[in-house]
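Participant: Protein chains in written order, with our numbering: chain A, 8 to 123; chain B, 66 to 177. For glycine and all other residues, C-beta sits at the position ideal for the given N, C-alpha and C. Below is one structure. I have some questions about it.
Have a look at this one:
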């Protein structure tokens, strides 16, 4: 199956700082990647859809100026949480749409962000 | 509003029993359906996909799809404690399957 990696797996930062999370498709090219957020014991919430070479599409209620997404290549998308606050502490997960069957999504291992 | 619904559970079954997980969806035109397993603190893992009406079997897992009833299910035979996880139903909605919607998940607990 397709492999998606994320880095870092865990990050702790001070309030007000910015954090960048990388999502890579390791053995396939992903024209579309997705960013999700999951709070404890809650379901996945789609934040934005990232398309290579174009602006991301954000879901309603997600601040595009706070959550900056860049999809500069077919294997890399980044999510930057700007001026992070404790309420941004969550599990951030990316996924990539496969090329064999464009309907399937493969998830990265996730990044646990803790903002102090 | 395009929705995917699941019972939140927890669903508890004894080891060796069949676990049955259900999912309904709102968009009648949906064509692609997926089951993901998510262990606590981990990201979802794709375990089954189904596109046509009927049953699809893969090892101990069987996915069942009924598009007329807008219903998809997952059966886990010979349930093991290691199957204890949250199971997410996902539906690719929209005319061109461009809207991937997850259900809230059903927590399954397999008791030894």
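Does any CB atom of chain A fall closer than 8 Å to the CB of residue 114 (chain B)?
Facilitator: Within the second chain, the letter at position 49 stands for residue 114 (chain B). Output row for residue 114 (chain B): interface = yes.
Participant: Can you find the residues in the same chain that come closer than 8 Å, C-beta to C-beta, to residue 149 (chain B), ignoring five residues on each side of it along the sequence?
Facilitator: Taking the second chain and counting its residues from 1, the one referred to as residue 149 (chain B) is at position 84. Excluding positions up to five away in sequence, the list reads 173, 174 and 175.
Participant: Looking at the C-beta of residue 108 (chain B), does it have a partner C-beta in chain A at a distance below 8 Å?
Facilitator: The residue labelled residue 108 (chain B) in the question sits at position 43 within the second chain. With 8 Å as the cut-off, residue 108 (chain B) counts as an interface residue toward chain A.
Participant: What are the boundary residues of the beta strand (DSSP E) that residue 93 (chain B) is part of?
Facilitator: Within the second chain, the letter at position 28 stands for residue 93 (chain B). Segment: none, residue 93 (chain B) is in no beta strand (DSSP E) and carries neither H nor E.
Participant: Taking 8 Å as the CB-CB cut-off, is residue 93 (chain A) touching chain B?
Facilitator: Residue 93 (chain A) sits at position 86 when you count from the first residue of the first chain. Output row for residue 93 (chain A): interface = no.
Participant: To test your reading of the DSSP string, which unbroken beta strand (DSSP E) runs of 3 or more residues are found completely within the segment 25-82 of chain A?
Facilitator: 26-32, 39-45, 52-58 and 74-80
Participant: Applying a beta-carbon distance threshold of less than 7 Å, which residues of chain A neighbour residue 111 (chain B)?
Facilitator: On the second chain, position 46 is the one that residue 111 (chain B) refers to. 111 and 113, listed in chain order.
Participant: Measure the alpha-carbon distance for residue 137 (chain B) versus residue 171 (chain B) and round it to whole angstroms.
Facilitator: Position 72 of the second chain holds residue 137 (chain B). Position 106 of the second chain holds residue 171 (chain B). Those two C-alpha atoms are separated by around 13 Å.
Participant: What's the C-alpha gap between residue 70 (chain A) and residue 89 (chain A)?
Facilitator: Counted from its first residue, the first chain places residue 70 (chain A) at position 63. Counted from its first residue, the first chain places residue 89 (chain A) at position 82. Taking the straight line joining both Cα atoms gives about 10 Å.
Participant: Taking residue 107 (chain B) as the reference, which of A:99, A:39, A:104 and A:74 has the closest Cα?
Facilitator: As a working note, residue 107 (chain B) is residue 42 in the second chain. Nearest option by C-alpha distance: A:99.
Participant: Identify the continuous beta strand (DSSP E) that holds residue 150 (chain B) and give its terminal residues.
Facilitator: Working through the second chain from its first residue, we reach residue 150 (chain B) at position 85. The continuous beta strand (DSSP E) containing residue 150 (chain B) extends over residues 150-158.
Participant: Is it buried or exposed, residue 33 (chain A), if we count other Cβ atoms within 10 angstroms and call 16 or more buried?
Facilitator: Translated into positions along the first chain, residue 33 (chain A) becomes position 26. Counting Cβ neighbours within 10 Å, residue 33 (chain A) comes out exposed, since fewer than 16 surround it.
Participant: Taking just the CA atoms, how far does residue 83 (chain B) sit from residue 21 (chain A)?
Facilitator: Looking up residue 21 (chain A) in the first chain gives position 14. Looking up residue 83 (chain B) in the second chain gives position 18. Whole-angstrom Cα-Cα distance: 47 Å.
Participant: Between residue 167 (chain B) and chain E, is there a C-beta pair that is closer than 8 Å?
Facilitator: Looking for chain E here will not work: the only protein chains present are A and B.
Participant: Express the C-alpha separation of residue 87 (chain B) and residue 133 (chain B) in angstroms, rounding to a whole number.
Facilitator: To locate residue 133 (chain B), count along the second chain from 1; it is residue 68. To locate residue 87 (chain B), count along the second chain from 1; it is residue 22. Going from the Cα of residue 133 (chain B) to the Cα of residue 87 (chain B) covers about 15 Å.
Participant: Using a C-beta to C-beta distance shorter than 7 Å, which residues of chain A count as neighbours of residue 170 (chain B)?
Facilitator: As a position in the second chain, residue 170 (chain B) is number 105, starting the count at 1. Neighbourhood of residue 170 (chain B) in chain A, by CB distance below 7 Å: 50, in chain order.
Participant: At what residues does the beta strand (DSSP E) containing residue 138 (chain B) begin and finish?
Facilitator: On the second chain, residue 138 (chain B) is found 73 positions in, with the first residue counted as 1. First-last of the beta strand (DSSP E) with residue 138 (chain B): 136-141.
Participant: Would residue 156 (chain B) pass as a contact of residue 77 (chain B) if the rule is Cβ separation under 8 Å?
Facilitator: Position 91 of the second chain, counting from 1, holds the residue named residue 156 (chain B). Position 12 of the second chain, counting from 1, holds the residue named residue 77 (chain B). No. Outside cutoff.
Participant: Using a Cβ distance threshold of 8 Å, determine whether the segment 117-127 of chain B contacts the segment 68-77 of chain B, with at least three qualifying pairs required.
Facilitator: no
Participant: What did DSSP end up calling residue 94 (chain A) once you bin it into helix, strand or coil?
Facilitator: One-based indexing of the first chain puts residue 94 (chain A) at position 87. Residue 94 (chain A) sits in a helix when the DSSP states are folded into three classes.
Participant: Expressed to the nearest angstrom, what Euclidean distance is found between the alpha-carbon atoms of residue 78 (chain A) and residue 129 (chain B)?
Facilitator: In the first chain, the residue the question calls residue 78 (chain A) occupies position 71. In the second chain, the residue the question calls residue 129 (chain B) occupies position 64. Straight-line measurement puts the Cα of residue 129 (chain B) at about 36 Å from the Cα of residue 78 (chain A).
Participant: At the 8 Å Cβ level, is residue 1 (chain A) part of the contact set with chain B, yes or no?
Facilitator: Missing from the structure shown is residue 1 (chain A); chain A here goes from 8 to 123 and no further.
Participant: Which value, in whole angstroms, describes the spacing of the CA atoms of residue 96 (chain A) and residue 111 (chain A)?
Facilitator: The residue labelled residue 96 (chain A) in the question sits at position 89 within the first chain. The residue labelled residue 111 (chain A) in the question sits at position 104 within the first chain. The straight-line gap from Cα to Cα measures roughly 28 Å.
Participant: Using alpha carbons as the reference points, say which of B:81, B:153 and B:79 lies closest to residue 104 (chain B).
Facilitator: The count along the second chain starts at 1 and reaches residue 104 (chain B) at position 39. Per the Cα distances, B:153.
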